[in-house]
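Notes follow the structure.
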Amino acid sequence: MDIRIVNTCDSDCMYCLEQSLRKKQKFIPREVILKLLQQQRSNFPDDSILAFYGWNSLLHPNLTGIITDAKNLWFKSISLLTNTQGITQKYLEYLQSCGLTGISFYFHSLDSEIHNMIVQKWISLEELYKNISIIQKSWISYTCIIHVNQQNIGLLYKIVAELYIKYSVKNFEFIRVRLLSRAKNKFSKQLEILPENQEKDIAHLERILQKIKAQYEFIHFENK
Ligand code: SF4
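When we follow my numbering, the leftmost residue of the sequence shown carries the number 2, and every step to the right adds one.
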């Protein structure tokens, strides 16, 4: 089960499809989420996988309580998606002790200029590396999410190799950036993947992924 627990984010990425979903109610109350989880457990007792996706779930002021509720309802896998802002070793240990089992984090580029352009300077590359290192040390399972765009498609193989070597990242999701009306079309030129790049760059990437025996998934890519 995938659910949103927040309607806000402390970043402003140029490809973000969530911006128009920003709501006045930034945080969905714990009681509302608990009811949803209870329903899910009674309707689908065999599905014990839970993911908090969308925005930065770490911002929820009652996150530890929500994770505890999920654990008490026998969700075996409880993960969240985050831009990593707000992670500290102590907080992550606490989340783990409440029942968190996994984290998915965004990564954009090894080049700090491209990184800054994509995240609009909301989190520096150094800070992101520091946070990935905290996640790595926690022994929690972790997945790197990369929104593939014209700025990073040619360097994906390098990103994968570096994250594997430095932070033992072996799980990846590659999401092709789709410039829907919700995305910021003023950035279309920088983001839209040129067709001539896609095939050879993705083939190169897949060779590296297979070499390191990574688990990976391509989303919104044709023939994948
Ligand atoms: S971290 Fe995710 S939700 Fe937040 S602005 Fe970036 S893409 Fe949007």
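For every residue, glycine included, the Cβ atom is placed at its ideal position computed from N, Cα and C.
Are the Cβ atoms of residue i and residue j separated by less than 8 angstroms?
| i | j | result |
| --- | --- | --- |
| Asp-3 | Ala-52 | yes |
| Thr-89 | Ile-141 | no |
| Asp-70 | Leu-35 | yes |
| Ile-133 | Phe-106 | yes |
| Val-7 | Asn-84 | no |
| Leu-206 | Val-178 | no |
Label residue i either buried or exposed according to how many other C-beta atoms from any shown protein chain fall within 10 Å of its C-beta, with 16 as the threshold for buried.
| i | result |
| --- | --- |
| Ser-80 | buried |
| Ile-220 | exposed |
| Asn-224 | exposed |
| Ser-98 | exposed |
| Leu-195 | exposed |
| Val-149 | buried |
Measuring alpha carbon to alpha carbon, tell me which of the options ends up nearest residue i.
| i | options | result |
| --- | --- | --- |
| Ile-209 | Ile-119, Pro-30, Arg-179 and Glu-163 | Glu-163 |
| Lys-214 | Val-178, Val-170 and Arg-179 | Val-170 |
| Thr-144 | Thr-83, Ile-160, Ile-104 and Ile-115 | Ile-104 |
| Gln-152 | Ser-139, Phe-108, Glu-174 and Lys-131 | Phe-108 |
| Phe-76 | Ser-139, Leu-101 and Tyr-54 | Leu-101 |
When the Cα atoms are used, what is the spatial distance from residue i to residue j?
| i | j | result |
| --- | --- | --- |
| Asp-202 | Tyr-92 | 38 angstroms |
| Leu-60 | Phe-222 | 31 angstroms |
| Tyr-158 | Cys-17 | 23 angstroms |
| Lys-212 | Ile-166 | 12 angstroms |
| Gln-41 | Ser-189 | 38 angstroms |
Please list, following the chain, all residues that have a C-beta closer than 6 angstroms to any non-hydrogen atom of ligand 1.
Residues flagged by the Cβ proximity filter: Cys-10, Ser-12, Asp-13, Cys-14, Cys-17, Glu-19, Trp-56, Asn-57, Asn-84 and Tyr-107.
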